[in-house]
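**Q**
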Amino acid sequence: MAARDDSVIRGSLIACMILLVLSLALNYFFWRWGNVQSIEAGDIKTKYDNASTLIREQEGKLLTLHEMLGVRQMSEDKFKSLASTSSGDADMDLIAKNFVRDMSYFPADVAAQQRNYSELPEFFVNAVRDRTAQYTTATKEQQQIRSQADSDVQNARKAQQVAEDNRKSADKKLKDEVDLFTQDRERMNQEKEETRDSLTKTVREFTGYRKKSADEQAKLKQRSDQLVNTIETQRTQLNRLRSDKFESTQGEVVFVSQGGNVCTINLGAADDLRPGVTFGVIDADETRLDDAKVKATIQVTKIRGAHVAEARVVALPLVSSPIIDGDKIYSPFWKSGVTVKIALAGDIDIDDDGKADNEQIKGMITSAGAQVAATVASDGTVDGVLDATIRFLVIGQAPEISEKADSASAEQAARTAAAMGRIKEKATELGLTVIPAWKLQAYLKTIDDSVTTPLGSAVRSEDFGPLSRRGSTRLPSDLPSLYKNDGEKTQKGDKLEDILKP
1 MAARDDSVIR GSLIACMILL VLSLALNYFF WRWGNVQSIE AGDIKTKYDN
51 ASTLIREQEG KLLTLHEMLG VRQMSEDKFK SLASTSSGDA DMDLIAKNFV
101 RDMSYFPADV AAQQRNYSEL PEFFVNAVRD RTAQYTTATK EQQQIRSQAD
151 SDVQNARKAQ QVAEDNRKSA DKKLKDEVDL FTQDRERMNQ EKEETRDSLT
201 KTVREFTGYR KKSADEQAKL KQRSDQLVNT IETQRTQLNR LRSDKFESTQ
251 GEVVFVSQGG NVCTINLGAA DDLRPGVTFG VIDADETRLD DAKVKATIQV
301 TKIRGAHVAE ARVVALPLVS SPIIDGDKIY SPFWKSGVTV KIALAGDIDI
351 DDDGKADNEQ IKGMITSAGA QVAATVASDG TVDGVLDATI RFLVIGQAPE
401 ISEKADSASA EQAARTAAAM GRIKEKATEL GLTVIPAWKL QAYLKTIDDS
451 VTTPLGSAVR SEDFGPLSRR GSTRLPSDLP SLYKNDGEKT QKGDKLEDIL
501 KP
């Protein structure tokens, strides 16, 4: 019985020893695994810190690159620090060095926020344009001075030769005059005697010639009347042929910007162009001005140079017929170096208050740069000169005669209508263009209109990004406003007379 208890105790001890060894082995394994995981976690944290530092450095470089490209604005202090600060990255330091060098092309008064690579091409383009214009002007002045100098030398030589020839001619003429005087004196003495004899004969012949002259005068009078009728007929036909069909366009569009709402034309200060002049845009392929279609209307806003001006579109073209480089421009109210003359006829009422506004119309015409060359009163009296140099004759609306009007008012209205009719006939004979007062007023309003363009210089490209297609397989159907037909601002007519409309 005692032997069996010892074996149980020994078995229990052995089992405990085995469990103790297994427990020690398991604890060692867990300690070893925890130590390895701790080392790996430390390495991962170190790598994470290094990666975070690298990301911050890359974000700083990316921000600097954005500022260089003009996506974000760069401060003045950072711009000054780029030339001397070293980032430890040779490539980034080289880019910063090249950026500082490239930005030195800007003038000193340009702020650091405006010094970037997106602004640099426009600065270069403007600089090249200015230098080209200056070079062209200097070349023309040099040619004019040289031509004038050669012309002055040639004129001086010609004048010297003419003076010498005149002196020789005067000496010869003096000798000839002395000889001629001697001959004339002898001839006059002889003719005096002959005149006495012929006087009697002439008196007899004069009586016969008087009768013959009366007969010839009657025939010539009849012939003169026939020629006058022929001249009047030909004058009427000539004035019918005289029209704007023989006029030509004054310039062309050389550049279109800001979404087709601003144009650059080849007219400027040297052409006596002024802000506010309105032109119609005609397709460059049109060959006859009379048959040409006006696709849009533009108004000059800034004079940029001798032959360069900026104009905004006040009547937009159709999407199918946009304004492009090379399109021609035409205005019936403007000519280079010539002041357009306008004549006013009758009482013109522009505000429908029943009172004449002729003085206000004169002020508007003068402000537009034209000239009121003549005015015609209601009775037909002309103040000024009504000739073929006048471009337009503006006729006021004829007064309406009511059924309750007395005979005196009706008679006065009839006289006014008759006077205006005679003025229209005279204008037709002179080849003038007769337009109603409302059309002139509509044209003058375009000088100060408030039509705004849908896209301007402050528009950003990111405002018109592509539409998202997430959750849909169809293409977006909402087009930008640039491609929509704006009925209020689109060119309404395609005739030349529509240029006078806003």
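Here the sequence shown is numbered in the UniProt record's numbering, starting from 1 and rising by one per residue.
No residue lacks a Cβ here, since even glycine has one placed at the ideal position from N, Cα and C.
#1: Which class does Ile435 belong to by DSSP, given the choice of helix, strand or coil?
#2: Report yes or no: do the region 265-279 and the region 305-314 share at least 3 C-beta pairs separated by less than 8 Å?
#3: Rounded C-beta distance between Gln371 and Val340? I'm assuming under 8 Å.
#4: Going by CA-CA distance only, name the one from Val434, Leu430, Thr366, Ala417 that's closest to Asp387.
#5: Helix, strand or coil for Lys362, going by three-state DSSP, please let me know.
#6: Look up Ala315 in the DSSP assignment and say whether it is helix, strand or coil.
#7: In chain order, what are the residue ranges of uninterrupted beta strand (DSSP E) at least 3 long that sit wholly in the region 261-314?
#8: If you follow the beta strand (DSSP E) that Glu252 is in, where does it begin and where does it stop?
#9: Please state whether DSSP places Thr137 in a helix, a strand or coil.
#10: Expressed to the nearest angstrom, what Euclidean distance is found between the alpha-carbon atoms of Lys158 and Ala138?
#11: DSSP on Phe392, reduced to helix/strand/coil?
#12: Output the boundary residues of the alpha helix (DSSP H) element that contains Thr428.
#13: Would Ala96 be called buried (16 or more neighbouring beta carbons within 10 Å of its own) or exposed?
#14: With a threshold of 8 Å between beta-carbons, can Thr389 be considered close to chain B, or not?
#15: Is it right to say Pro317 is buried, meaning 16 or more other beta carbons lie within 10 angstroms of its own, or is it exposed?
#16: With the cut-off set at 8 Å, would you say Ile423 and Arg391 are in Cβ contact?
#17: Which term fits Gln299, buried or exposed, when burial requires 16 or more other beta carbons within 10 angstroms of its beta carbon?
#18: Taking all protein chains shown into account, decide if Thr375 is buried (16 or more other Cβ within 10 angstroms of its Cβ) or exposed.
#19: Here's the rule: buried if 16 or more other CB atoms are within 10 angstroms of the residue's CB, otherwise exposed. What is Ala437?
#20: Spatial neighbours of Asp283 within its chain, please: C-beta separation below 8 Å, excluding the five flanking residues on both sides.
#21: Please give the ranges of any beta strand (DSSP E) in the UniProt region "Disordered" (138-177), keeping only runs that are unbroken, at least 3 residues long and fully inside the region.
#22: With a CB to CB cut of under 8 Å and the five nearest residues on each side skipped, what residues in its chain are close to Asn126?
#23: So, at 7 Å on beta carbons, what are the nonlocal neighbours of Lys362 in its own chain, with the 5 sequence-adjacent residues on each side left out?
#24: Give me the Cα-Cα distance between Gln258 and Pro121, rounded to the nearest whole angstrom.
**A** Well, looking at it:
#1: Taking the sequence shown and counting its residues from 1, one reaches residue 435 at position 435. Three-state result, Ile435: strand.
#2: yes
#3: As a first step, residue 371 is located in the sequence shown; it is residue number 371 there, counting from the start. As a first step, residue 340 is located in the sequence shown; it is residue number 340 there, counting from the start. About 7 Å; that satisfies the 8 Å criterion.
#4: For the purposes of this step, residue 387 is identified with residue 387 of the sequence shown, where counting begins at 1. Ranking the options by Cα distance to Asp387, first place goes to Leu430.
#5: Here residue 362 refers to the residue found at position 362 when the sequence shown is read from its first residue. Reduced to three states, the DSSP call for Lys362 is helix.
#6: The count along the sequence shown starts at 1 and reaches residue 315 at position 315. Strand at Ala315.
#7: Listed in chain order, the complete beta strand (DSSP E) runs (minimum 3 residues) inside the region 261-314 are 262-265, 278-282, 294-305.
#8: Stepping through the sequence shown from its first residue, residue 252 is reached at position 252. For Glu252, the uninterrupted beta strand (DSSP E) run begins and ends at 251-257, by DSSP.
#9: Here residue 137 is taken as the residue at index 137 of the sequence shown, counted from 1. Reduced to three states, the DSSP call for Thr137 is helix.
#10: Locating residue 158 in the sequence shown gives position 158, counting from the first residue. Locating residue 138 in the sequence shown gives position 138, counting from the first residue. Going from the Cα of Lys158 to the Cα of Ala138 covers about 30 Å.
#11: Residue 392 sits at position 392 when you count from the first residue of the sequence shown. Strand, per DSSP.
#12: Within the sequence shown, the letter at position 428 stands for residue 428. Element bounds for Thr428: 407-430.
#13: To locate residue 96, count along the sequence shown from 1; it is residue 96. Label assigned to Ala96: buried.
#14: Among the protein chains of the structure shown there is no chain B, as only one such chain exists.
#15: Locating residue 317 in the sequence shown gives position 317, counting from the first residue. The residue is buried, with at least 16 neighbouring Cβ atoms inside 10 Å.
#16: Along the sequence shown, read from residue 1 onward, the residue named residue 423 stands at position 423. Along the sequence shown, read from residue 1 onward, the residue named residue 391 stands at position 391. No, the pair does not count as a contact, with Cβ atoms beyond the cut-off.
#17: Translated into the one-based positions of the sequence shown, residue 299 becomes position 299. It counts as buried.
#18: Against the sequence shown, residue 375 aligns to sequence position 375. By the neighbour-count rule (16 or more Cβ atoms within 10 Å), Thr375 is buried.
#19: Along the sequence shown, one-based indexing puts residue 437 at 437. Counting Cβ neighbours within 10 Å, Ala437 comes out buried, since at least 16 surround it.
#20: For the purposes of this step, residue 283 is taken as residue 283 along the sequence shown, with counting starting at 1. The residues are Ala292, Lys293, Lys295, Ser321, Asp327, Lys328.
#21: The UniProt region "Disordered" (138-177) is shown to contain no whole beta strand (DSSP E) run of 3 or more residues.
#22: Locating residue 126 in the sequence shown gives position 126, where the first residue counts as 1. The answer is none, since no qualifying residue turns up.
#23: Taking the first residue of the sequence shown as position 1, residue 362 is located at position 362. Result list for Lys362: Val372, in chain order.
#24: For this step, residue 258 is matched to residue 258 along the sequence shown. For this step, residue 121 is matched to residue 121 along the sequence shown. So the alpha carbons of these two residues sit roughly 17 Å apart.
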